[in-house]
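Keeping their order, the protein sequence lines are chains A and Z.
Going by numbering that gives the first Met the number 0, the first sequence opens with residue 0, and the numbers climb by one from there.
Going by numbering that gives the first Met the number 0, the second sequence opens with residue 0, and the numbers climb by one from there.
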Amino acid sequence: MTDRAADAENHVGRFLTGLGRGVASALFLALPMLMTMEMWYLGFYITRERLLLLLVVNIPLLILLSHRIGFEETFTWRESVRDATIAYGIGILTSLLVLAALGLLRGDMPASELLGKVALQSVPASIGAMLGRSQLGRGMSEDDDGTETPYHSELLLMATGALFVSLNIAPTEETMVLAYKMTAWHALAVIVLSILVMHGFVYAVSFIGGHELQPETPWWHAFVRFTLPGYVVALAVSVFTLWVFESFGNSSAVEMLHSVIVLGFPASLGASAARLIL
Amino acid sequence: MTRSEKGRHHERHDPHWVEWLTGILSAILVIGMLGWIGWETVTREATPPDLTVRVLTTERTTAGYRVAFDIYNTATTTAAAVTVVGRLAEGGRVIEENHVIFDYVAAESKSAGALLFENDPAGRTLDIRPAGYTEP
């Protein structure tokens, strides 16, 4: 066998392994949503405009994720777009497969219901597929030496983490029930807790992938530049997912704010986890 | 900007001014939100659910009549499992009674629903009222 043929085979092998990891992690990370009743119902009652918006918003996030951690090391944006497309494809196929296996897709359902169910689930499944390489593949340590993340990418990574966690929790009834039960004092406590946990997660508890400050930088520099914007990003993502899933209904502004704060708690954890993992 | 080396990330000491601008705007938003909620803790007294129904329209459907209505909760507490009963009466005698349950009517909010009747409400007395609720 010539070197070139061996090289090509090696390349195909690595690509197939990447696909396998994608399917595995799409399953692993999206299964909670695939098995959530509210997500099945949303598949048929979610407004088509909002579903479309969610599907479109997912594209730039996948491309950015792919640029960081794609199936193969991606150096150009063209390769990132290709890998993001593959991840979306894996997401759609995995959702289709699992929903069909669980008996949630039947021939007598209207086409729009089938399409809505699969399309909605394909968003978390595609993010899951993309995360596969970082989560289940080899660690980041060997390939990210000395890379610099621009500020806007850092914020977008946080948005992706927040979106993924929000998609897990926003469709459940619990988000609204918690918002209804809580008083303004509880809301204040949740805000403070979210911000503290978010800052501590990234800077204080020294996880692998944690962030360090240079000794001459005061702590509040990172707090103002990263933690507060991160929390605002998490809240914005919470507003977006609650709006997409039509959880707001005709509630008053205060009730809406409460539900955003409730969802903002897991979303802010997702945002800081993204900063650690990615 | 954040520099990543051997799995650890280091925040730069000399950031771009955009990072500070974003940080300050975020701080203003978060403080604004805390201020709003703080204001609520002082001014908003917990009052038990206060429910009222406003009938909107009556329409013919294939099998009967649909009476659409809004239910308002003017209090600062959310009501759960809100039962709304509709009675259609003719000459002081109830000829049809139907009910519907709302999962939630949020505090200071409204929800929309409809009751379905077999008989035409036109020319008869229609009474739609909330019958009960639970705490969420």
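Beta carbons: idealized from backbone N, C-alpha and C, even for Gly.
Query, Result
"Interface partners of residue 11/A on chain Z, CB under 9 Å", "Under the 9 Å cutoff, chain Z gives no residues; its nearest Cβ is about 30 Å from residue 11/A."
"Segment contact flag, the region 24-34 of chain Z with the region 146-166 of chain A, C-beta cutoff 8 Å, min 3 pairs", "no"
"Same chain only: Cβ atoms within 7 Å of residue 99/Z, ignoring 5 sequence neighbours per side", "83, 112 and 114"
"Beta-carbon separation (whole angstroms), residue 163/A vs residue 229/A, contact threshold 8 Å", "About 15 Å; that fails the 8 Å criterion."
"Contained beta strand (DSSP E) runs [length at least 3] in the region 173-249 of chain A, N- to C-terminal order", "210-212"
"Chain-ordered neighbours of residue 228/A on chain Z, where CB pairs are closer than 7 Å", "21, 22 and 25"
"Cα-Cα separation, residue 60/Z to residue 125/Z", "17 Å"
"Length of the line joining the Cα atoms of residue 192/A and residue 4/A", "57 Å"
"Proximal residues, the region 98-110 of chain Z versus chain A, C-beta separation under 7 Å", "103, 105, 106, 107, 108, 109 and 110"
"Proximity test, Cβ basis, 8 Å: residue 142/A and chain Z", "Its pLDDT being 46, under 50, residue 142/A is placed unreliably in this model, and the value from its coordinates should be taken loosely. Not closer than 8 Å to any Cβ of chain Z, the Cβ of residue 142/A fails to qualify, so no."
"Residues that residue 173/A contacts on chain Z, provided the C-beta gap is smaller than 8 Å", "Chain Z residues near residue 173/A: none, gap ~11 Å exceeds 8 Å."
"Rounded Cβ spacing between residue 104/Z and residue 85/Z (contact assumed at less than 8 Å)", "At roughly 16 Å, the Cβ-Cβ gap does not stay under 8 Å, so residue 104/Z and residue 85/Z are not in contact."
"Chain-ordered neighbours of residue 36/Z on chain A, where CB pairs are closer than 9 Å", "183, 184, 186, 187, 190, 253, 256, 257 and 260"
"Inter-stretch contact (C-beta, 8 Å, three-pair minimum) for the region 222-240 of chain A and the region 116-132 of chain A", "no"
"Segment limits, alpha helix (DSSP H) that includes residue 257/A", "252-276"
"Beta-carbon proximity list for residue 16/A, same chain, < 7 Å, skipping 5 on both sides", "none"
"8 Å Cβ cutoff, residue 135/Z in contact with chain A", "yes"
"Chain-order list of residues whose beta-carbon lies under 8 Å from that of residue 171/A (same chain, five-residue window excluded)", "35 and 37"
"Alpha-carbon to alpha-carbon, residue 100/A and residue 70/A", "The pLDDT assigned to residue 70/A is 49, lower than 50, so where the model puts this residue is not dependable, and the model offers no usable value."
"Coil, strand or helix - residue 118/Z by DSSP", "coil"
"Near-chain A residues of the region 60-91 of chain Z (beta-carbon distance less than 7 Å), N- to C-terminal order", "77"
"Partners in chain A for residue 52/Z, counting only beta-carbon separations shorter than 9 Å", "Under the 9 Å cutoff, chain A gives no residues; its nearest Cβ is about 14 Å from residue 52/Z."
"Residue 137/Z - containing beta strand (DSSP E), residue span", "Residue 137/Z lies beyond the stretch modelled for chain Z, which goes from 0 to 135, so this question has no answer here."
"Local Cβ density within 10 Å of residue 87/A, reported as buried at 16 or more and exposed below that", "buried"
"Alpha-carbon to alpha-carbon, residue 117/Z and residue 85/A", "54 Å"
"Straight-line Cα distance separating residue 78/Z from residue 108/Z", "10 Å"
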